[in-house]
Amino acid sequence: MHLKSSLLLAVACAVGAGAAHAQTTGLDLAKNKACMACHQVEAKRVGPPLKSVAERYAGQGDAMVDYLAGKIRGGGRGAWGAVPMPAQTQVSPEDARHLAEWILSLAPAKQ
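Residues -22 to -1, 1 to 89 (mature numbering (1 follows the signal peptide of the UniProt record, and there is no 0)) make up the sequence shown, in order.
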């Protein structure tokens, strides 16, 4: 009986942890990964506003998610002015993809 209870507890914890991760918003993740130190959603800081990034790359599908996730992790220069974006190697590939999806979701809906 003790083994069965332990197994149920382990499954419940795993499900709860997954649900908690799924509930993390893109903005929360961007704050947690220090994206907001250089970017804001609507205003220019050091880097471009995230809505501007979304507008530039909107409607280009999964390839753009992969491209932006790669730029988050690998950095870049020249696309948004003279200030380069440093590589964010502390951001996991999964989190980079989540951030890219969230950024692209900021684009206004096409009418």
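Just so it is clear, CB atoms sit at the ideal spot from N, CA and C, and this is done for glycine as well.
Quick caveat, the model's predicted, so the values are computed rather than measured.
Based on Cα-Cα distance, which residue from the options lies nearest to residue i?
i	options	result
Gly59	Pro27, Thr3, Val19, Ala8	Pro27
Leu46	Gly56, His76, Leu7, Thr3	His76
Report the rounded CA-to-CA distance for residue i versus residue j, giving the unit in angstroms.
i	j	result
Val24	Cys16	5 angstroms
Arg51	Pro86	25 angstroms
Ile81	Leu5	9 angstroms
Arg34	Leu84	11 angstroms
Lys22	Ser30	9 angstroms
Gly48	Pro64	12 angstroms
Cys13	Gln68	12 angstroms
Thr3	Glu72	14 angstroms
By the DSSP assignment, the alpha helix (DSSP H) with residue i in it spans what residues?
i	result
Glu79	71 to 83
Val19	Here Val19 belongs to no alpha helix (DSSP H), and DSSP marks it neither H nor E.
Val61	No alpha helix (DSSP H) holds Val61; DSSP gives it neither H nor E.
Ala47	40 to 52
Quick check: is any heavy atom of the ligand ATP less than 7 angstroms from the C-beta of residue i?
i	result
Glu20	Among the components modelled here there is no ligand, and therefore nothing to report on the ligand ATP.
Quick check on residue i - is its C-beta less than 8 angstroms from some C-beta in chain B?
i	result
Glu20	Protein chains in the displayed structure number just one, and chain B is not present.
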